[in-house]
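In this text, residue positions in the sequence shown follow UniProt numbering: the first is 1, and each later residue adds one. Encoded as structure tokens, the structure appears first; notes follow it.
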Amino acid sequence: MKKKKNPRVVTVDMYHKYAEIDEMYSSKVREVKLDIPSNLRMLCAILDIKVEKLLNDFMWMLSYSHHNSATPKQRKIAKKFFLACKYGQPLYTKKQIKQMFDEIKADRKIRKTIDGMDHEDMKLFWKSNHMYMQHWFKRWFEKNRHKGDISILEEH
């Protein structure tokens, strides 16, 4: 008597599209043309700091990126400056903007916990993280922008 072959089981990863972050939501290299104030240029020359480094450091600090080794105090000061300039207001309240920062700060803390994860768990972690960050952006974008298309992200 012949044994029947088991039908081949094919596992489909329904979250495969989240293995890599969608390009729309990823970091971008952008060429920006800026008018650098003379006083800042002179100050940077005296202190031997490139304007590009100054601006780059600020962006990475403010974003709570895991690619930057800024101290918590530096990040807090960058956030305080951002809030003092009232960026994003009145579209969002100061409280809502603080919550956004708290949420990206929490994401940074979670990323610190992946050391020692095995390969499969790491893949699952990144898929989950990418899904969440896309949801996070859409949720905040749509919260106070009843009209508007999320493709505006491509312009920023």
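For every residue, glycine included, the Cβ atom is placed at its ideal position computed from N, Cα and C. Just so we're clear, the structure is a prediction, and the values are computed from it rather than from any experiment.
Let me check you understand the geometry: is the CB of residue i closer than 6 Å to at least one non-hydrogen atom of the ligand NAD?
{"i": "residue 38", "result": "The ligand NAD is absent from the structure shown, which contains no ligands of any kind."}
At the level of alpha carbons, what is the spacing between residue i and residue j?
{"i": "residue 143", "j": "residue 111", "result": "26 Å"}
{"i": "residue 109", "j": "residue 153", "result": "25 Å"}
{"i": "residue 124", "j": "residue 140", "result": "24 Å"}
{"i": "residue 56", "j": "residue 94", "result": "24 Å"}
Just to confirm my understanding: we take residue i, look at its own chain, exclude 5 residues before and 5 after, and list those with CB closer than 7 Å. What are they?
{"i": "residue 33", "result": "none"}
{"i": "residue 61", "result": "68, 70, 74, 75 and 78"}
Give the DSSP-derived three-state secondary structure of residue i in the structure shown.
{"i": "residue 56", "result": "helix"}
{"i": "residue 130", "result": "helix"}
{"i": "residue 87", "result": "coil"}
If I measure Cβ to Cβ from residue i and keep anything under 8 Å in the same chain, skipping five residues before and after, which residues do I get?
{"i": "residue 151", "result": "24"}
Counting beta carbon pairs with one atom in the region 58-65 and one in the region 94-110, are three or more of them shorter than 8 Å? yes
Three-pair Cβ contact test at 8 Å for the region 114-131 versus the region 90-102: no
Three or more C-beta pairs below 8 Å linking the region 39-49 and the region 75-91: no
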